[in-house]
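Student:
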Amino acid sequence: MSKEMITLESSDGLFFVVDEAVVLQSVMLSPIVQDCAGSEYPITNVTGKILKLVIEYCKNHVVEGGDSSSSSSSDDDDALKKWDAEFITQMDLSTVYDLLMSANYLDIKGLFDLACQRVADVIAACKDEKEIRATFDLVNDFTAEEEAELLKENKWAFD
1 MSKEMITLES
11 SDGLFFVVDE
21 AVVLQSVMLS
31 PIVQDCAGSE
41 YPITNVTGKI
51 LKLVIEYCKN
61 HVVEGGDSSS
71 SSSSDDDDAL
81 KKWDAEFITQ
91 MDLSTVYDLL
101 MSANYLDIKG
111 LFDLACQRVA
121 DVIAACKDEK
131 EIRATFDLVN
141 DFTAEEEAEL
151 LKENKWAFD
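Structure below.
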């Protein structure tokens, strides 16, 4: 692998110098490896705090994915899954949401899937819609009549 370095600039003006292998984790950023190697590339929709996390994720996946030894691939996969779980569960939901949006924007499928799974796990851990609304700070904008009608129409979902 080449050791070309690329500088990424976050929306709030922070600079991150990363190896091109890290950038190649992003479908959206991959073309800059050929077009902008050695120069600065602005990431206008991602803050420095979140870009730092994106880079951490991508670096870990480059390192883990770089070993093609078949005898330890299962151990590597387990270690990577453990790292992913620790990485995503250490964050508050607001950070996970920002990370999810950034992974979507940068087109990093593995990170997007990881963040979506974290949100799904939080939803699944909730006992009812009231707890989901409280967890995600969602306002119930249905009137009592509208809510009763929805419950009646979708009774099957609550059996």
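FYI, in the UniProt record's numbering the residues of the sequence shown are 1 to 159. Virtual Cβ for every residue (Gly too), placed ideally from N, Cα, C.
#1: Determine whether the beta carbon atoms of isoleucine 88 and leucine 111 lie at a separation below 7 Å.
#2: Given that a residue counts as buried once 16 or more other Cβ atoms are within 10 Å of its Cβ, and exposed if not, what is serine 69?
#3: Compute the Euclidean distance between the alpha carbons of valine 139 and valine 46, then round it to the nearest angstrom.
#4: Within the continuous beta strand (DSSP E) that includes leucine 8, where are the two ends?
#5: Helix, strand or coil for serine 69? Go by DSSP, reduced to three states.
#6: Does the structure place the segment 38-57 close enough to the segment 89-104 that three or more beta carbon pairs sit under 8 Å?
#7: With three or more beta-carbon pairs closer than 8 Å as the criterion, would you say the segment 47-55 touches the segment 16-36?
#8: Put valine 139 into one of helix, strand or coil per three-state DSSP.
#9: If you reduce the DSSP assignment to three classes, tell me which class aspartate 78 lands in.
#10: Check for me: the alpha helix (DSSP H) holding aspartate 19 runs from which residue to which?
#11: Within the present structure, is the beta-carbon of alanine 120 separated from the nearest heavy atom of the ligand ATP by less than 6 Å?
#12: Around the Cβ of arginine 133, are there at least 16 other Cβ atoms within 10 angstroms (buried) or fewer (exposed)?
#13: Less than 7 Å between the C-beta atoms of valine 18 and isoleucine 6, yes or no?
Tutor: Answer, in terms of the structure:
#1: Here residue 88 refers to the residue found at position 88 of the sequence shown. Here residue 111 refers to the residue found at position 111 of the sequence shown. Contact: no.
#2: As a working mapping, residue 69 is identified with position 69 in the sequence shown. Residue confidence for serine 69 is low, a pLDDT of 45 falling below 50, so the modelled location carries little weight; the figure read from the coordinates is stated next. So serine 69 ends up on the exposed side.
#3: Counting from one through the sequence shown, the residue named residue 139 turns up at place 139. Counting from one through the sequence shown, the residue named residue 46 turns up at place 46. Distance between the alpha carbons of valine 139 and valine 46 is about 27 Å.
#4: The count along the sequence shown starts at 1 and reaches residue 8 at position 8. Here the beta strand (DSSP E) through leucine 8 covers 5-9.
#5: Locating residue 69 in the sequence shown gives position 69, where the first residue counts as 1. Per-residue confidence for serine 69 stands at a pLDDT of 45, beneath the threshold of 50, marking its modelled position as unreliable; no derived number is given.
#6: yes
#7: yes
#8: If you number the sequence shown from 1, residue 139 lands on position 139. Coil, per DSSP.
#9: Position 78 of the sequence shown holds residue 78. Reduced to three states, the DSSP call for aspartate 78 is helix.
#10: The residue you call residue 19 lines up with position 19 of the sequence shown. No alpha helix (DSSP H) holds aspartate 19; the beta strand (DSSP E) holding it covers 15-19.
#11: Because no ligand of any kind appears in the structure shown, any question about the ligand ATP cannot be addressed here.
#12: As a first step, residue 133 is located in the sequence shown; it is residue number 133 there, counting from the start. Per the 10 Å Cβ criterion, exposed.
#13: Here residue 18 is taken as the residue at index 18 of the sequence shown, counted from 1. Here residue 6 is taken as the residue at index 6 of the sequence shown, counted from 1. Against a cut-off of 7 Å, the Cβ pair of isoleucine 6 and valine 18 comes out as a contact.
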